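Everything in the sequence shown is counted per this note's numbering, starting at 221 for the first residue and increasing by one.
Each residue gets a CB set at the ideal place from its N, CA and C atoms; glycine is no exception.
The structure displayed is predicted, hence computed values, not measured ones.
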Amino acid sequence: MWAQGLDANAFPHNALAAGHSTSIEGTAEFNQRFQLGLSLTPYGEGKYQDQGIALYSMTGNTQVTNPLDVGDAAMKALDLISAHKGGANDGIVSVCSAKFGKTIRDDFPWNHLDEVNLLLGLKGTFAPDPIAVYRQHANRLKLQGL
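What follows is the structure in structure tokens.
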């Protein structure tokens, strides 16, 4: 917060609430409030466009991607203690929960930290570069006039 010049009192952090928001119950609560682009079936796709908004999703399905990435241990630990036991996930969000709108891809060999290019840009050796993937998506949107 301080790096962004924001007042931490005006924008409080709540780690427990953040954890709840990615749980099965928390995701269900969020989806009940914000239904835009949600699928009517598990692992399905939702509307590709809703209320004039083009909807896309993409996600990874791997927790450990690079032995040099210290964040991978956290992703694996979160996978082991999380509510999405047995389901494919990126360490924080299940593949099923990440799907809405048109799915670009749901099997990137990324964990949640790789998806946001968080720790020094480390990713799996043969994994696609997240920056290149997002740039390609930006071009997709541009070609659609969005």
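| In its own chain, which residues sit with a C-beta less than 7 Å from the C-beta of C316, not counting the 5 before and 5 after it? | P262, Y263, G307
| query | Does the region 272-284 come within contact of the region 311-325, defined as at least 3 CB pairs closer than 8 Å? | reply | yes
| Which residues in the same chain have their Cβ closer than 6 Å to the Cβ of G311, if we skip the five residues on either side of it in sequence? | Q283, M295, L298, D299, N331, H332
| query | Given that a residue counts as buried once 16 or more other Cβ atoms are within 10 Å of its Cβ, and exposed if not, what is F328? | reply | buried
| said: Using the three-state DSSP reduction, which class does N309 fall into: helix, strand or coil? | reply: strand
| query | Which first and last residues belong to the beta strand (DSSP E) in which S277 is found? | reply | 276-280
| query | Can the beta-carbon of D270 be found closer than 9 Å to that of G291? | reply | no
| 7 Å Cβ shell around G246 - same chain, five flanking residues per side excluded | H240
| request: May I ask you to check if the CB of N309 is nearer than 8 Å to at least one heavy atom of the ligand NAP? | output: For the structure depicted, the ligand NAP is absent and the ligand set is empty, with no information on it obtainable.
| Residue span of the beta strand (DSSP E) that contains K322, given as start and end | 322-328
| query | Just reading off the alpha helix (DSSP H) that Q252 is part of, what are its end residues? | reply | 244-253
| What span of residues does the alpha helix (DSSP H) with Q356 cover, start to end? | 350-363
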